[in-house]
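Trainee: Once you've had a glance at the structure underneath, I'll fire off some questions.
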Amino acid sequence: MKAGSGTETPFDETTVDISSRKFRAEFLQEWHNTPDAPYFDPNTPRNITGLVGHPVKLLCRVKNLQNRTVSWVRHRDIHLLTVGRYTYTSDQRFEAQHRPRSEEWALRIRSPQRRDSGQYECQISTTPPIGHAVFLSIVEPETTISSGAELFIQSGSTINLTCTVRHTPEPPISITWTHRDQIINFDSARGGISLVTEKGLKSTSRLLVQKARGYDAGVYTCGPNNAPPASIRVHVLSGEHPAAMQQGCAKSSLDFIVSIMCTFLAVFLVFFTDHLQFGTTPPRKHQHAYSSQQAVFLYSSPKIVVASMITGTAGLTTKCASGHGLSNCSKCLLHMFNLKLQDTDLCRLCKEAAETPLYLICSCPALMHKRSTLLGKHIIQPEDAKFLPARKVLLYLTATNACWEI
460 MKAGSGTETP FDETTVDISS RKFRAEFLQE WHNTPDAPYF DPNTPRNITG LVGHPVKLLC
520 RVKNLQNRTV SWVRHRDIHL LTVGRYTYTS DQRFEAQHRP RSEEWALRIR SPQRRDSGQY
580 ECQISTTPPI GHAVFLSIVE PETTISSGAE LFIQSGSTIN LTCTVRHTPE PPISITWTHR
640 DQIINFDSAR GGISLVTEKG LKSTSRLLVQ KARGYDAGVY TCGPNNAPPA SIRVHVLSGE
700 HPAAMQQGCA KSSLDFIVSI MCTFLAVFLV FFTDHLQFGT TPPRKHQHAY SSQQAVFLYS
760 SPKIVVASMI TGTAGLTTKC ASGHGLSNCS KCLLHMFNLK LQDTDLCRLC KEAAETPLYL
820 ICSCPALMHK RSTLLGKHII QPEDAKFLPA RKVLLYLTAT NACWEI
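This note's numbering numbers the first residue of the sequence shown as 460 and each following residue consecutively.
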């Protein structure tokens, strides 16, 4: 209140907050400089990694503790776990550990799980309390094969598979390779099979199968004795396919498209009405002019890009050709490729699909399941497409409105 003014001075919370923090910082700095004040050993580890099911210990070292106590707190739920040598939690996996006259105060966790990962804090009961944060990561044994889920190689090439084993309590005693559920015999009459294994914190096993043939295709499994197995499906392609399809360009049915991209940079989806015959109704000639041949590129994103534009504009702004609305076309594209285009592009693509057969590599599971009723014999599954010459890996999609019937 100002003298004689009758008005009250506004309360400035910002000034009070800054003053409070400044006082606390100065107080702590002065308190820490006190010769007999307790403090944490700065060399104590702050990041601990443990294995699922194997005991792990979080440690803090306190200098000059005197008559104060040490506690462990879990930050996730601000749960007090231990005070001194006593445990204050109903979870029997947690245990306080301390040897008399020792500077070490430990929190031991028996049979830790992934959910136990997170930040813990060792606290000293000063005023105010001071703490030492420790971050715990609980991991599980892991086995991976570097080539992914599938590998495509050319007949006569070498199958090269590298299996990596991580996060095991000790290196695996054995790493077994199987082919089609049969243990690989390195002394078989086939010959040309070798294995190189290196053991350590991260163990690797490298399988080499030279001069691969069709009978070498199938599922290969790497099975360490102390970690879960990992598998890969190997496809051995005939000689007409280039060797550049090696190194697992595909990891799923959709990713098979990527393997073809590795060879041809992009898969051109063009209109081969004079090479293939589909449906009972012959495709109609397009009534509009083109600036260049219409082509659609399918990338691994996946996304569709219209490479050239139709010069004619009639019917493009209201509805698609043959009366198919944009909503139906959008539904088709979203179903096939989880793709959404602008209305003008949708209309352009629908119009072309309705008036001229559109061919493309089809990996939609729903279409594969319905191919007998929707597209009949004209649809080819991706795993069968690899046996076709490259220029004919093109599949019929919408000459008979099948796309819009999904």
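C-beta: ideal position from N, C-alpha, C; glycine also.
Are three or more beta carbon pairs between the segment 558-577 and the segment 517-525 nearer than 8 angstroms?
Mentor: As far as the Cβ criterion goes, the segment 558-577 touches the segment 517-525, which means the pair count is three or higher.
Trainee: Out of LEU654, ALA676 and THR627, point me to the one whose CA is closest to ASP640's CA.
Mentor: Considering only alpha carbons, the answer is ALA676.
Trainee: Flag this pair as yes or no: are the beta carbons of SER614 and LEU595 separated by less than 7 angstroms?
Mentor: Cβ atoms of SER614 and LEU595: not closer than 7 angstroms.
Trainee: What is the DSSP secondary structure of GLY509, counted as helix, strand or coil?
Mentor: Correct three-state label for GLY509: strand.
Trainee: Could you check the C-alpha separation between LEU540 and GLU554 for me, to the nearest Å?
Mentor: About 8 angstroms.
Trainee: In the DSSP assignment, what residue or residues form a beta bridge with TYR547?
Mentor: Looking at the DSSP assignment, TYR547 forms no beta bridge with any residue, so it has no partner.
Trainee: Determine contact between the segment 593-607 and the segment 498-518, defined as no fewer than three beta-carbon pairs at a distance below 8 angstroms.
Mentor: Short answer: they touch.
Trainee: If we ignore side chains and look at the alpha-carbon of each, how far apart do ILE568 and THR585 end up?
Mentor: Each residue's Cα considered, the two are about 26 angstroms apart.
Trainee: My output table needs one value for GLY682: the three-state DSSP class, helix, strand or coil.
Mentor: Residue state, collapsed to three classes: strand.
Trainee: The beta strand (DSSP E) spanning ARG665 covers which residue range?
Mentor: 662-668 is the extent of the beta strand (DSSP E) around ARG665.
Trainee: Opposite GLY590 in the DSSP bridges: which residues?
Mentor: Looking at the DSSP assignment, GLY590 forms a beta bridge with GLN582.
Trainee: Would a C-beta distance cut-off of 7 angstroms place ALA689 and ILE604 closer than the cut-off?
Mentor: Cβ distance < 7 angstroms, so ALA689 and ILE604 count as in contact.
Trainee: The beta strand (DSSP E) spanning ALA565 covers which residue range?
Mentor: Note, ALA565: beta strand (DSSP E), 563-568.
Trainee: Rounded to the nearest angstrom, what separates LEU660 and PRO630 at their Cα positions?
Mentor: One C-alpha to the other measures close to 7 angstroms.
Trainee: Taking the beta strand (DSSP E) that SER690 belongs to, which residues open and close that run?
Mentor: Element bounds for SER690: 689-696.
Trainee: DSSP on GLY677, reduced to helix/strand/coil?
Mentor: Residue state, collapsed to three classes: strand.
Trainee: When the Cα atoms are used, what is the spatial distance from ILE632 to ASN684?
Mentor: Cα to Cα, ILE632 sits roughly 6 angstroms from ASN684.
Trainee: Output needed for PRO501: all residues of its chain with C-beta closer than 6 angstroms, excluding positions within five of it in sequence on either side, in chain order.
Mentor: Cβ neighbours of PRO501 beyond the five flanking positions: none.
Trainee: Looking at THR528 and GLY509, is the spacing between their C-beta atoms short of 7 angstroms?
Mentor: Their beta carbons are not under 7 angstroms apart, which means GLY509 does not touch THR528 by this criterion.
Trainee: Looking at C-alpha atoms only, which residue of GLY607, ALA496 and HIS513 is the closest neighbour of PRO600?
Mentor: When only C-alpha atoms are compared, the closest one is HIS513.
Trainee: Determine which residues share a DSSP beta bridge with THR603 and list them.
Mentor: Paired residue(s): THR623.
Trainee: Take the Cβ of ARG902 as the centre, count every other Cβ of all protein chains shown within 10 Å, and call the residue buried at 16 or more, exposed below.
Mentor: Examination of residue 902 is not possible in this model, given that the chain is present from 460 through 865 alone.
Trainee: Suppose you measure from the CA of GLU657 to the CA of PHE645; what does that come to, to the nearest Å?
Mentor: Their Cα atoms are separated by approximately 18 angstroms.
Trainee: Given a cut-off of 7 angstroms on the beta-carbon distance, is the pair HIS534 and GLN572 in contact?
Mentor: Cβ distance not < 7 angstroms, so HIS534 and GLN572 don't count as in contact.
Trainee: Just reading off the beta strand (DSSP E) that ALA555 is part of, what are its end residues?
Mentor: That run of the beta strand (DSSP E) goes 553-556.
Trainee: Work out the CA separation of TRP636 and THR680 for me, nearest whole Å.
Mentor: C-alpha separation (whole angstroms): 6 angstroms.
Trainee: Alpha carbons only, please: which of VAL668, ASP550 and SER662 is nearest the one belonging to SER647?
Mentor: The option with the nearest alpha carbon to SER647 is VAL668.
Trainee: Starting from the Cα of PRO497, find the closest Cα among ASN526, VAL695 and VAL511 and give me that residue.
Mentor: Nearest C-alpha to PRO497: ASN526.
Trainee: So, at 7 angstroms on beta carbons, what are the nonlocal neighbours of ASN506 in its own chain, with the 5 sequence-adjacent residues on each side left out?
Mentor: Hits under 7 angstroms: PHE594.
Trainee: Report the CB separation of VAL624 from ILE634 in whole angstroms; it is logged as a contact under 8 angstroms.
Mentor: Between ILE634 and VAL624 the Cβ distance is about 7 angstroms, and since that is below 8 angstroms, they are a contact.
Trainee: Exposed or buried, which one is GLY682 when buried takes at least 16 other CB atoms within 10 Å?
Mentor: Result: buried.
Trainee: Can you pull the DSSP bridge partners for GLU657?
Mentor: DSSP lists THR663 as partners of GLU657.
Trainee: Thinking C-beta only, is LEU666 closer than 7 angstroms to LEU412?
Mentor: Residue coverage of the chain in this structure runs from 460 to 865, which leaves residue 412 outside it and unanswerable.
Trainee: Report the option in TYR674, VAL655 and SER664 whose CA atom is closest to the CA atom of ARG649.
Mentor: Comparing Cα-Cα distances from ARG649 to each of TYR674, VAL655 and SER664, the minimum goes to TYR674.
Trainee: In this structure, how does DSSP classify ARG535 when only helix, strand and coil are distinguished?
Mentor: Reduced to three states, the DSSP call for ARG535 is coil.
Trainee: Locate the beta strand (DSSP E) running through THR637, then write down its first and last residues.
Mentor: Looking at the DSSP string, the run of the beta strand (DSSP E) that includes THR637 is 634-638.
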